[in-house]
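Numbering (the numbering used here), first residue to last: 1 to 186.
Just so it is clear, CB atoms sit at the ideal spot from N, CA and C, and this is done for glycine as well.
The next block holds one structure in the form of structure tokens; read it before the comments.
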Amino acid sequence: MRAQFLIQRQLSFLCVLTWQKREFEGEEEYLEILGITREQSGKYECKAANEVSSADVKQVKVTVNYPPTITESKSNEATTGRQASLKCEASAVPAPDFEWYRDDTRINSANGLEIKSTEGQSSLTVTNVTEEHYGNYTCVAANKLGVTNASLVLFMQWLFIGTIPLLMSIGVLICCISDLGQFDPP
């Protein structure tokens, strides 16, 4: 990829042109950037100066479009009956649109699920977690240049109820209790 910019000289006398932006400088009527990257987005300035009049400065805004890249995805653990959120962030120009999936089925805001997306980030909130909400989710970020996704997990949070004092004992029996019922080890 490359970007080219041209400033026409409209003066008949000697004029010095300079282009500037961070590491870029040039003294030609045009500025050519070969292999342009997203880091080279921004304002470029062309300055025309001579000994006869004050300098004329023009700015050009360069926007480099690129496909989405997931920059952060946060799995979460949740307790049944409580609220929980999964979060996903992506970098892209133009800004990405987000979609959420569970087992290849697209999720919409309804029935205790709320999706909020702003420029570059999205969250899926479960207002009242039930056992069926635990599992794998997929966040998809897309724009006209590409699509990417990230897998997130909503884990069950285990609650520790209390301590059991042990005095003298030959054996210990530990029971694990969850909302799914009681499990006694063999």
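Could you check what DSSP says for Arg82 in three-state terms: helix, strand or coil?
coil
From this set, Gly112, Tyr66, Ala90 and Lys61, which residue's C-alpha is nearest Cys139's C-alpha?
Ala90
Looking only at its own chain, which residues have a Cβ that is under 8 Å from the Cβ of Asn128, when we skip the five neighbours before and after it?
Gly81, Arg82, Gln83 and Gly112
Reducing DSSP to helix, strand and coil, say where Glu119 ends up.
coil
Whole-angstrom distance between Pro67 and Leu124, CA atom to CA atom
22 Å
If you drop the 5 nearest sequence neighbours on each side, which residues of the same chain put their C-beta closer than 8 Å to that of Ala78?
The beta carbon of Ala78 lies closer than 8 Å to those of Ala84, Val126, Val129, His133, Tyr134, Leu154, Phe155, Met156 and Gln157 in the same chain, with the five residues before and after it left out.
What does DSSP give as the partner residue(s) for Arg38 in the beta ladder?
DSSP output for Arg38 lists no bridge partner at all.
Selection from Glu45, Arg38 and Glu131 that minimises the alpha carbon distance to Tyr30
Out of Glu45, Arg38 and Glu131, Glu45 has the C-alpha closest to the C-alpha of Tyr30.
What residues are listed by DSSP as bridge partners for Gly146?
Looking at the DSSP assignment, Gly146 forms a beta bridge with Asn143.
Counting only the same chain and skipping the five closest in sequence on each side, list residues whose C-beta sits under 6 Å from that of Ser75.
Leu152 and Val153
So, with DSSP's three-state summary, where would you put Glu51?
coil
Reference Val239; option with closest CA among Glu32, Lys43, Gly35 and Thr69
What the structure shows of the chain is the stretch from 1 to 186, and residue 239 is not part of that stretch, so it cannot be assessed.
Euclidean distance between Cα positions of Asn108 and Val60:
Going by C-alpha positions, Asn108 is about 41 Å away from Val60.
Quick check: the Cα distance between Gly42 and Leu145, rounded to an integer number of angstroms?
20 Å
Below 8 Å on the Cβ atoms is my guess for Asn64 versus Arg38; work out the distance and round it to an integer in Å.
The residue you asked about is not Asn; residue 64 is Val in the sequence shown. At roughly 5 Å, the Cβ-Cβ gap stays under 8 Å, so Val64 and Arg38 are in contact.
Kindly give me the distance between the Cβ atoms of Arg102 and Tyr137, rounded to whole angstroms, as I take these residues to be in contact under 8 Å.
5 Å
For Ser53, count neighbouring C-beta atoms within 10 Å of its own C-beta (all shown protein chains included) and say buried if the count is 16 or more, exposed if not.
Within a 10 Å sphere around the beta-carbon of Ser53 sit fewer than 16 other beta-carbons, which makes this residue exposed.
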